[in-house]
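These notes are about the structure you will find just below.
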Amino acid sequence: MPELPEVETVMRGMSNALQNRIIQHATVHRHDLRWRIPASFSQTVSGRRITSFLRRGKYILVRLSGEMSILLHLGMSGKIVLDSEATPAPHEHVTFHMIEGDRVAYVDPRRFGALGLVETAAEETHPLLRDMGPEPLGPQFTAATLLAACSGRRAPLKSMLLDQKIVAGLGNIYVAEALYRADLHPALPAEALTRPAAGKLVKAIRTVLREAVEAGGSSLRDYVRPEGDMGYFQHAWRVYGRAGEPCPRCPGPPGCMGVERMVQSGRSSFFCPRHQKTG
DNA sequence: ATTGTCCCCTGCCCGC
DNA sequence: TGCGGGCAGGGGACAA
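If you count by the working numbering, then the first sequence holds residues 8 to 286, one letter each, in order.
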């Protein structure tokens with residue numbers, strides 16, 4: 008589930024619990040995640056103090072003393088479990104043993120996530136981060152930059168928004184929600200995006216992400232517990248996962264038959280055919 | 001360069 | 001109760 012708001016929430020939870028604390032040592036139970044966890048991982052992080060956290064797109068950077076950073080991606084099913092049990096849980100791939108005696112676990116059943124190391128000074132030039140687009144909640148993400156990225160592109164608008172090089176942190180859920188709020192069809196050719204529509208879309212993206220971060224914040228503890236679910240924002244989804252349900256802004260049949268699902272690049276898109284037109 | 005397809009992996013839910 | 005099929009929040013590797 009982790010898209011920008013969930014990653015932000017996880018990072019805040021980690022920051023609250025782990026800021027300024029020292030990793031006594033780390034145990035890697037499985038190295039083969041999305042990429043191999045470096046063999047030096049355990050030795051490198053051991054004995055270092057956690058100094059700060061930064062989110063970049065869907066990545067979390069855990070800054071350690073000695074100018075070293077852990078680069079973390081949760082993939083589809085990654086979780087950080089605070090106060091984990093002494094016996095590693097199923098799919099617990101890394102255990103951080105803190106000097107106070109408690110443990111922090113990285114759990115990821117599907118193993119699409121990643122854990123790596125990067126010198127703090129080299130974060131920006133790391134191959135996984137250097138080509139990443141602007142933060143959608145930051146000043147660099149504007150209608151003008153989005154429009155420029157879409158110009159001459161015949162691929163669906165949805166694909167542009169999922170492309171982390173164009174804008175960082177959006178995933179399948181928030182793209183659907185933002186396109187709905189901006190009255191734009193996910194299959195609209197990107198090059199057909201008009202200036203006013205781009206402005207509306209940028210606002211919609213910002214608004215939905217802010218709302219979700221706030222909602223995540225209210226259920227912060229859930230994200231970092233083993234029983235954690237997706238938090239409260241799922242109740243606020245207007246179209247995602249709601250095929251067949253009424254569009255919140257439609258009067259209902261016969262004018263609108265409700266939210267539709269379509270498949271693009273093998274992934275589900277949800278939209279209201281009455282509000283979101285291709286033309 | 002751009003675009004679309006396939007694949008990685010495990011768990012869960014549904015229908016039979 | 002068991003089993004097969006489809007689906008899932010991400011994103012890299014390909015081929016055309």
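Using N, Cα and C, we set each Cβ at its ideal position, and we do this for glycine too.
Values in this document were obtained by computation on a predicted structure and should not be read as measured data.
- Using a 10 angstroms sphere on the CB of Glu221, the tally of other CB atoms stays under 16, which defines it as exposed.
- Pro143 and Thr58 have their C-alpha atoms spaced approximately 25 Å apart.
- Between Glu130 and Ser76, the alpha-carbon positions lie close to 8 Å from each other.
- For Arg274, no alpha helix (DSSP H) encloses it; the enclosing beta strand (DSSP E) starts and ends at 274-278.
- Using a Cβ distance threshold of 8 Å, Gly223 and Thr16 count as a contacting pair.
- A Cβ-Cβ contact shorter than 8 Å links Ser91 with Val111.
- Comparing C-alpha distances from Val266 to each of Lys284, Leu164, Pro134 shows the shortest one belongs to Lys284.
- A straight-line Cα-Cα distance of about 14 Å links Gln147 and Gly206.
- Across the set Leu71, Met18, Met269, Pro258, the C-alpha of Met269 shows the shortest separation from the C-alpha of Arg249.
- A contact is defined here as three or more CB-CB pairs under 8 Å, and the segment 22-32 fails this definition with respect to the segment 183-197.
- Nearest in C-alpha terms to Ala197, of all of Val209, Arg217, Leu122, Pro163, is Pro163.
- Only buried fits Glu184, as 16 or more other CB atoms lie within 10 angstroms of its CB.
- Between the segment 34-49 and the segment 118-133, the count of C-beta pairs closer than 8 Å reaches three or more; the two stretches touch.
- From the listed residues Thr214, Ile173, Thr34, Ser275, the smallest Cα separation to Pro95 is found for Thr34.
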